[in-house]
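Working notes for the structure below.
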Amino acid sequence: MKKLLTCAFVIAFAVPGGAALAAGPSVPVDDANINLEDTTSLQRGAEYFFQYCIGCHSLEHARYNRIGQDLGLTEEQVAEKFVHTRDAAGDPTGVGQLIEIAMRPDDAEEWFAQPAPDLTLTARHRGPDWIYTVLRNFYLDDSRPLGVNNATFEAMGMPHALWELQGWQKNVGEDGHIELELVEEGKMSTEEYDEVVRDITAFMTYVAEPIRMEREAMGMYVIGFLILFTILAYLLKKEYWRDVH
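Just so you know, the sequence shown maps onto residues -22 to -1, 1 to 223 in mature numbering (1 follows the signal peptide of the UniProt record, and there is no 0).
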């Protein structure tokens, strides 16, 4: 019976962790080193995302006004910076709406072979480090339909949307080894571009779980309460059993 309970305990707690590891990225990634408490970084990341990414990728599980509230922006600022679509009547999309794109799925399938995925939960599925690494690892590849490949996500059917900022990289590795070298400079230095990607990664990490910082802060209070309760329970136990011992 004891062995059965032990096996049940191991299965209950070990299998989900193993499944999570199996579902995660299996390629080497760089440390994104993001700071979700840096509101300025999140604001910059949001502006870059809505400038370069929203043409193809939606955030269907997020709302404009919620992002504005969390990032310290007014509804007027949100409408000016982030809203680029219109409703059926031709009016600008309301800030209370979910973040969708204007590109029709049929057009996306014709141009890119399939519709671009929604990115709301990408940071939870892949992790911030994966996003950060992917956005820095595009390189020229004439064998690909769009002329680019990615060292982290091979055969990705996506153009390099940030090429103007980063420039173009080329694979100079040999024997199947990928080694990227900048062959055409962009508008930014490598350090400046890495900071842009870090801001975008921070924003996408926030979007994937807007309540994360609040949850983590609440967790500290809960742990503190449990510690205090444990101490009180121990003292109470000693008081009750004092005469017995």
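Idealized CB from N, CA, C, for every residue including glycine.
Check: What residues match up with residue 75 in a beta bridge as DSSP calls it?
Finding: As far as DSSP is concerned, residue 75 takes part in no beta bridge.
Check: Near residue 8, which residues of its chain fall below 7 Å by C-beta distance, leaving aside the five closest residues on each side in sequence?
Finding: Once the five neighbours on either side are set aside, the close Cβ partners of residue 8 are 107, 110 and 111.
Margin query: What does the alpha-carbon distance come out to for the pair residue 59 and residue 149?
Written below: Near 36 Å, if we compare the C-alpha coordinates of residue 149 and residue 59.
Next item on the list: Whole angstroms is fine: what's the gap from residue 10's alpha carbon to residue 146's?
Entry: Answer to the nearest angstrom: the Cα atoms are 21 Å apart.
Item checked: Nonlocal neighbours in the same chain, by C-beta distance under 7 Å from residue 204, ignoring five residues either side -> Here residue 204 has no same chain residue with a Cβ atom under 7 Å from its own Cβ, once five neighbours each way along the sequence are excluded.
Item checked: residue 13 versus 131, 187, 75 and 179, residue with shortest Cα-Cα distance -> Of the listed residues, the one whose Cα sits closest to residue 13 is 179.
Next item on the list: Throw me the rounded Cβ distance for the residue 194 and residue 102 pair, which I believe falls under 8 Å.
Entry: Going by Cβ atoms, the distance from residue 194 to residue 102 rounds to 15 Å, so no, they are not a contact pair.
Notebook entry, point to check: Near residue 122, which residues of its chain fall below 8 Å by C-beta distance, leaving aside the five closest residues on each side in sequence?
Noted result: Excluding residues within five positions, the ones whose Cβ falls inside 8 Å are 133.
Margin query: Under DSSP, the alpha helix (DSSP H) around residue 103 begins and ends at which residues?
Written below: That run of the alpha helix (DSSP H) goes 100 to 104.
Note to self: Residues in the same chain with beta-carbon distance under 8 Å from residue 191, minus the five sequence neighbours each way, listed in chain order, please.
What the structure shows: Taken in chain order, the residues that qualify are 14 and 15.
Next item on the list: Quick one: give me the first and last residue of the beta strand (DSSP E) that residue 126 is part of.
Entry: Per DSSP, residue 126 belongs to the beta strand (DSSP E) from 126 to 128.
Note to self: If I measure Cβ to Cβ from residue 28 and keep anything under 6 Å in the same chain, skipping five residues before and after, which residues do I get?
What the structure shows: Only residues of its own chain outside the window of five on either side were considered, and among them 60 have a CB closer than 6 Å to the CB of residue 28, listed in chain order.
Check: Within 10 angstroms of its Cβ, does residue 171 collect 16 or more other Cβ (buried), or is it exposed?
Finding: With 16 or more neighbouring CB atoms inside 10 Å of its own CB, residue 171 falls in the buried class.
Notebook entry, point to check: Are the beta-carbon atoms of residue 168 and residue 158 separated by less than 9 Å?
Noted result: Not a contact, by the Cβ cut-off of 9 Å.
Note to self: Between residue 119 and chain B, is the shortest Cβ-Cβ distance under 9 Å, so that the two count as touching?
What the structure shows: Any reference to chain B falls outside this structure, which holds one protein chain only.
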